[in-house]
Amino acid sequence: MRFTQLLIPTTKETPNDATLASHIYLIRGGFIQSVGGSGLYNFLPLGKKVLDKVQKVVKEELDRAGCQEVSLSFVTPASLWQESGRFEKYGKELLRFKDRKENDFILGPTHEEMMVNLVRQTVKSYKQLPLNLYQINLKFRDEIRPRFGLMRGREFLMKDGYSFHISEEDMKREFDLMEETYKKIFTRLGLEFRVVEADSGAIGGSGSKEFMVLADSGEDTIVVCDKCEYGANIEAAVRQPGQCEVAAPEATFAKFHTPGIKTIEALSAFFRVDPYYLVKTVAKRALYDEGKSRIVLFALRGSDELQEVKACNAVDANDLVDVSEEELAEAGLVAGFMGPTTLPEGITVIYDNELKNASSMICGANEKDYHLVGNSFVGIEAHFDDLVAVQEGDRCRCCGGALRYTKGIEAGHIFQLGTRYSEPLGCDFLDENGKSVPMVMGTYGIGVSRLLAAIIEQNHDENGCIWTKESAPFDLYILVSNIKDEEQLALGEKLYAVMKSRGIDVILDDRKDRFGAKMKDYELLGIPHAVVIGKNLAEGKVEFVTRRGMLKEPVAVDEILSVVEERV
RNA sequence: CGGAGUGUAGCGCAGUCUGGUAGCGCACCUGGUUUGGGACCAGGGGGUCGAAGGUUCGAGUCCUUUCACUCCGACCA
């Protein structure tokens, strides 16, 4: 393609709302165009080309793994979602609307219901299983706060796959196959990533893993081990139980006057006791369907922090919100002096696992200005669950190594769904005995448009994009320094024709602009390699440029073709 | 939804306090010069000043209402 014939509206100026490298360069390079802000983007020719290339890698690897591509309707009748119960449950991110006949519809944010519907209508026998169907299609989620360009748009391109099996074991086999397939995809795209344990979130299901592209600008915090392969999203990370070198305080059970001592720090100082031996009691309002809610207390060691996602899962709530002091008072609780024992009527408490069999603990007395010392939780009957947020420096449960935080961009997520959708939606098959059983499912997603952003986040410098081999919009950029110089132009045209005939996807910068302007655009666009035809043509030489590191090597004209073929 | 802010040419902004001809830079068009790191000269095109209502002889500017977007916090591929 010739630059002069392509729509590549590059700009010098940065849009004022863009802060992330990927956002800035995708806009400045004319890859995408914002549509009135608010997380909607048009893909211009170059952006569309990159999108197609990324999509091609995804498709090739999935097809190789035996998956089949389909395309589901984007506008979805609400009835399916009412059947699964998610029409109400999904919340405001689900865009709902009515057609002219006043029927409810949604724009698909994910397609479990649709795919299950497709399969339940067409698959009846164990002989037709297993099956892995996927699509690469638009999704719409009315995000609370879209931002960072393609990183968190409202409309985005996603690959979503769903597998159907006769048994748990077969689903796990497919889950492992998908993990391997995803690794191949991200590796081919040239990404540095990590597979981590994850929370299953709104999709539901048991085992789930996320594919995190490592980048400081990532929105997710992931916990990784220094020594072993362990990695997990902070929402799901586990550790070896905490320990304390200081001996437990010796005290028999008693009520203690602690005027105005409301925080863990103050309490620790007051009793001269390590926070490890204090009980931190966090109150949250748990929200459920149909506007129901209740106040729940979460008890953990004073040295630990509550992980909200874990807490939310522990009480099976849709969401947790903070509780005001007034609401606490109404429920008979006193902020600053709450404790898991001696509770008023109707308040539930969840204990962190690490409080199991703890003794010599100090907690709030649920009475203003009083704490209880010498509490023992040995052998108590209570709801215990994992509630702690893993901190940097905690010990790895697998190998004892030190855990630390890093940032990642969630580019893929795979779930072991089980029968969470197949059962309510009646997606059954007849087994060998003629018995009707629900299919066991897995689901697998990749944020395809987000990948463009992720690639740039990991591959850029201060002048622009550096596309990886499999994602680049072109393989080679031929830059004619001065098109008025007939010799330069002629060579450019000749190389362009030859490269094209050799199957190299090449763009010829045949614009009238000066060298500097063209070079700046080359760097901004981030094509992996360039051939610069300019001044040193007088000595029979051109330059071979490598975008990463901006390495420039003089090459004799008659050798350039072989250099390109070898290195591009 | 809570807090902060912005809407003026395709993009980035000034003008609003103190009402009186709609401006600047980039981009774009024409002609000419220039050609190894975002050139220069001359000429030119492009505006419901977010929307509605009001005050006024006169509103981008003052008043009221409203909409949209951006930034900081809870969601997700």
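Start counting at 1 in the first sequence, then tack on 1089, and there's your number in the working numbering. Here a beta-carbon is modelled for each residue, glycine too, at the ideal position from N, C-alpha and C.
Pair within 8 Å by beta-carbon distance, residue i and residue j
i: A1406; j: I1439; result: no
i: D1458; j: F1426; result: yes
i: Q1224; j: V1159; result: yes
i: N1206; j: L1169; result: yes
i: T1532; j: L1506; result: yes
i: G1421; j: P1433; result: yes
i: L1492; j: L1395; result: no
i: E1150; j: I1274; result: yes
i: A1500; j: F1282; result: yes
i: L1614; j: G1534; result: no
i: M1450; j: V1368; result: yes
i: Q1577; j: I1649; result: no
i: E1258; j: L1129; result: no
i: L1135; j: P1562; result: yes
i: T1103; j: G1118; result: no
i: S1448; j: V1462; result: no
i: L1444; j: V1410; result: no
i: L1303; j: G1489; result: no
For residue i, three-class secondary structure by DSSP
i: A1586; result: helix
i: N1402; result: helix
i: P1364; result: helix
i: V1653; result: helix
i: R1600; result: coil
i: P1134; result: helix
i: M1247; result: strand
i: Y1510; result: coil
i: Q1210; result: helix
i: M1260; result: helix
i: M1204; result: helix
i: R1241; result: strand
i: G1497; result: strand
i: N1446; result: coil
i: A1110; result: helix
i: K1101; result: coil
i: K1145; result: helix
i: T1310; result: strand
Residue environment, residue i, which counts as buried when at least 16 other CB atoms sit within 10 Å
i: L1085; result: Here the chain comprises residues numbered 1090 to 1657, so residue 1085 is not present and cannot be evaluated.
i: T1341; result: exposed
i: K1298; result: buried
i: F1633; result: buried
i: C1485; result: buried
i: E1591; result: Before going on, a small fix: residue 1591 reads as Arg here, not Glu. Under this definition R1591 is an exposed residue.
i: V1335; result: exposed
i: G1238; result: buried
i: C1516; result: buried
i: P1643; result: exposed
i: H1549; result: buried
i: R1175; result: buried
i: A1355; result: exposed
i: G1180; result: exposed
Nearest-angstrom Cβ-Cβ length linking residue i and residue j, presumed shorter than 8 Å
i: M1247; j: G1536; result: 6 Å
i: C1317; j: C1487; result: 5 Å
i: T1495; j: V1313; result: 6 Å
i: D1193; j: A1167; result: 3 Å
i: F1163; j: L1196; result: 6 Å
Closest by C-alpha distance to residue i, when choosing among the options
i: S1560; options: V1124, V1143 and D1231; result: V1143
i: Y1215; options: R1185, G1197 and F1253; result: F1253
i: M1530; options: D1315, C1485 and R1209; result: R1209
i: D1408; options: Y1114, K1373 and T1431; result: K1373
i: Y1365; options: F1359, I1353, A1375 and L1376; result: I1353
i: Q1217; options: G1391, E1521, I1544 and E1177; result: E1521
i: K1641; options: E1654, P1617, A1336 and E1201; result: P1617
i: L1659; options: F1120, A1167 and V1526; result: Residue 1659 lies beyond the stretch modelled for the chain, which goes from 1090 to 1657, so this question has no answer here.
i: F1604; options: V1587, V1595, S1590 and L1568; result: L1568
i: E1182; options: D1231, T1431 and E1308; result: D1231
i: S1413; options: I1384, H1112 and A1400; result: I1384
i: D1564; options: D1594, T1165 and K1583; result: D1594
i: F1387; options: D1315, T1437 and H1346; result: T1437
i: T1093; options: R1328, D1599 and F1229; result: D1599
i: R1665; options: E1397, P1235 and A1579; result: In the structure as shown, the chain starts at 1090 and stops at 1657, and residue 1665 therefore has no counterpart that could be examined.
i: M1090; options: L1626, K1630 and V1587; result: V1587
i: T1635; options: Q1332, E1612, G1497 and G1629; result: E1612
i: V1526; options: C1401, Q1329 and K1213; result: K1213
i: I1572; options: E1546, K1601, E1582 and W1556; result: K1601
i: I1097; options: I1596, V1146, A1424 and M1639; result: I1596
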